[in-house]
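Protein chains in written order, with full-length UniProt numbering: chain A, 1 to 313; chain B, 1 to 328.
For reference, the structure is listed below as structure tokens.
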């Protein structure tokens with residue numbers, strides 16, 4: 001189990017390197033010059049050239065990348081070109097709210113998605129099944145920003161039930177928790193559909209398996225048959241799907257944070273890209289991709305925990 | 001007969017399909033005496049597995065028992081509520097299946113799956129007690145170092161070992177009847193013999209009755225006291241095992257015996273029955289075997305032959321029974 005985890009961790013290193021390289025190259029193809037941005041609209045060519053030399057932008061690309069990686073390995077993410085604040089400091093301030101949002105979204109949407117999918121799979125073809133599947137198709141089809149806007153309009157603005165702009169405090173304060181509800185409902189809402197559909201398919205698949213028949217032949221109650229012998233096995237593909245969907249969730253987090261003015265990494269990324277703040281944008285890319293890698297690693301480990309056949313391999 | 005542990009009377013199991021209702025088991029009457037083994041033989045699709053699942057009331061949707069009774073010690077299982085039926089499953093009637101590879105849950109340990117069966121019928125037993133009983137059960141099916149196997153997962157065991165685990169699990173609550181649905185079909189020949197030996201020994205030890213479902217006449221010859229031959233959802237012949245093999249009366253049984261390869265006779269080709277089992281949605285009129293029967297007469301095409309006792313203790317559903325051997 002531990003060996004499995006370590007193996008996956010080592011495999012994450014080249015992935016991370018690839019992310020850095022692609023992130024770096026993407027910044028190169030953007031037709032904006034960081035030195036010009038930094039110098040401001042009124043700067044003379046001399047000043048721009050000086051800044052370019054200062055930032056190392058006159059060096060060949062491979063040297064720039066080498067220097068970038070070298071600094072990164074020393075924990076130096078650079079500073080914002082806009083306001084000179086260290087990138088690490090900005091990331092440190094925004095990562096907490098983003099984690100809060102992610103966990104709050106997954107906390108309710110995954111269990112609910114699995115529950116709905118199990119019910120739909122168990123009562124396949126019934127009214128329950130069709131209702132749940134209709135809801136989940138709607139969930140898959142509705143874009144995050146639209147759901148967010150609808151919630152803001154009705155729950156936040158018209159009915160004034162919940163706050164909808166910004167983060168009122170950390171999650172352990174009442175205000176903080178209240179301000180988290182709408183963003184978490186929005187981001188989790190788009191997650192229920194895929195989880196429910198995948199669970200339904202997996203449960204259906206397992207319910208027709210021989211070992212489920214064995215479980216029934218033992219005289220187990222239907223509840224135990226479903227929980228222990230169908231759902232437990234069905235969770236393996238569901239967890240895999242969740243891992244794959246986390247990428248979309250990160251994308252959704254960027255949108256959700258922007259819609260709700262949530263001070264997270266996603267909103268920071270959008271701001272940095274819009275203002276051509278390259279070091280900041282790169283920093284957010286690194287954090288988001290690291291998040292993706294960590295979640296996938298967790299999924300891998302969970303996968304092994306759920307399926308003993310993988311553990312030994 | 002008060003000696004019978006199980007009596008099946010007029011059992012009819014149907015499946016609802018798009019083309020209407022299809023009858024997989026059609027009016028089967030059978031009985032299983034205490035401590036004895038009834039072999040049910042037939043080709044794939046003859047309804048023998050559906051019959052066994054009907055006894056357990058485990059026929060999956062869209063199948064259902066449409067008529068008949070399944071009397072276990074006089075109590076009709078068909079009329080029981082699902083909660084009552086659950087009490088019967090595992091504790092009074094247990095079942096083992098064809099595929100030991102897939103019949104155990106891959107994500108739970110062997111020990112968990114055995115103790116789970118025990119706990120279902122004895123919720124007050126302690127974990128330590130259950131473990132002890134499960135290890136004893138593994139020991140009884142001759143699994144070496146059972147206390148180590150207890151904590152292993154099915155994928156760590158061979159096919160034969162898994163079938164032993166299935167047997168240990170089935171017998172965990174000391175059922176009165178064990179239904180074995182093709183228990184050795186998926187196993188190597190040498191392992192087959194071991195599993196059959198084991199079943200026989202366990203039967204002698206516990207006095208349970210066995211319904212052995214198979215298409216393998218060799219297995220039946222070795223294990224069964226009585227044999228029922230099924231064709232297209234019906235029992236076509238029924239007798240003591242010796243009588244079936246020594247003096248088969250139904251043309252289908254004759255054909256089945258003729259298609260078994262033998263080492264002690266020189267034959268150029270195996271005698272095979274022409275054609276195949278008719279699908280349940282396209283059964284012929286009259287005797288269901290008549291299109292394939294070399295003895296078929298005009299009346300076989302119109303009249304459905306009942307299962308009738310031709311000589312004492314030996315019944316056949318054939319208007320022309322007893323027929324003489326093919327050579328005649």
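Where a beta carbon is used, it is the ideal one built from N, C-alpha and C, also for glycine.
Item	Value
Taking only three categories from DSSP, how would you classify residue 79/A?	strand
Taking DSSP as the reference, what is the three-state secondary structure of residue 110/A?	helix
Could you name the residues of chain B that residue 4/A contacts, counting a contact when the two beta carbons are closer than 8 Å?	Under the 8 Å cutoff, chain B gives no residues; its nearest Cβ is about 15 Å from residue 4/A.
Does any residue of chain B bring its CB to less than 7 Å from the CB of residue 74/A?	no
Just curious, the beta strand (DSSP E) that residue 314/B is in, first and last residue?	314-316
Return no unless some Cβ of chain A is closer than 7 Å to the Cβ of residue 153/B.	yes
Quick one: what's got a C-beta closer than 7 Å to residue 319/A's C-beta in the same chain, skipping five residues either side?	Chain A is shown only over 1 to 313; residue 319/A falls outside these bounds and no answer can be derived.
So, residue 291/B versus residue 232/B, is the Cβ gap smaller than 7 Å?	no
Please classify residue 10/B: does DSSP put it in a helix, a strand, or coil?	strand
Can you tell me whether residue 204/A is helix, strand or coil according to DSSP?	helix
At a CB-CB cut-off below 7 Å, which residues of chain A make contact with residue 121/B?	219
So with Cβ pairs under 7 Å, would you call residue 214/A a contact of chain B?	yes
State yes or no: is the beta carbon of residue 296/A nearer than 7 Å to at least one beta carbon in chain B?	no
Name the chain A residues whose beta carbon is nearer than 9 Å to that of residue 339/B?	A question about residue 339/B goes unanswered here, because the residues of chain B that appear run from 1 up to 328.
Check whether the Cβ atoms of residue 195/A and residue 144/A lie closer than 7 Å to each other.	no
Look up residue 19/A in the DSSP assignment and say whether it is helix, strand or coil.	helix
Listed from N- to C-terminal order along the chain, which residues in the region 53-79 of chain B have their beta-carbon within a distance smaller than 7 Å of any beta-carbon of chain A?	56, 58
What is the C-beta distance between residue 264/A and residue 98/A, in whole angstroms, given that I count them as a contact (C-beta under 8 Å)?	4 Å
For residue 217/B, which option in 179/B, 285/B, 38/B has the closest C-alpha, if you only look at C-alpha atoms?	38/B
Exposed or buried, which one is residue 160/B when buried takes at least 16 other CB atoms within 10 Å?	buried
With 16 as the cutoff for other CB atoms within 10 Å, does residue 140/B come out buried or exposed?	buried
Does the beta-carbon distance from residue 226/A to residue 216/A come in below 7 Å?	no
For residue 31/A, go through chain B and note every residue whose CB falls closer than 8 Å to its CB, in chain order.	Neighbours of residue 31/A on chain B: none; closest Cβ ~53 Å, over 8 Å.
Which bits of chain A does residue 103/B rub up against, with CB to CB less than 8 Å?	210, 211, 213, 214
Can you pull the chain A residues whose beta carbon is under 9 Å from the beta carbon of residue 81/B, in chain order?	Near residue 81/B there are no residues of chain A at all, since even the closest Cβ is about 13 Å away, more than 9 Å.
Once DSSP output is grouped into helix, strand and coil, what is the label at residue 286/B?	coil
From what residue to what residue does the beta strand (DSSP E) around residue 230/B run?	226-231
Could you work out which residues of chain A lie near residue 160/B, taking near to mean beta carbons separated by less than 8 Å?	Result: empty, since nearest Cβ-Cβ is about 17 Å, beyond 8 Å.
Can you name the residues of chain A whose CB is closer than 8 Å to the CB of residue 9/B?	Result: empty, since nearest Cβ-Cβ is about 23 Å, beyond 8 Å.
Please state whether DSSP places residue 82/B in a helix, a strand or coil.	helix
Run through chain B and tell me which residues come within less than 7 Å of residue 84/A, C-beta to C-beta.	By Cβ distance, chain B contributes nothing, its closest Cβ being about 54 Å from residue 84/A, past 7 Å.
Tell me the DSSP secondary structure of residue 157/B in three-state form.	coil
Bridge partners for residue 75/B per DSSP, in chain order?	72/B
Report the residues of the region 228-242 of chain A with a CB closer than 7 Å to any CB of chain B, ordered along the chain.	229, 232, 233
Three-state secondary structure (DSSP) at residue 246/B?	helix
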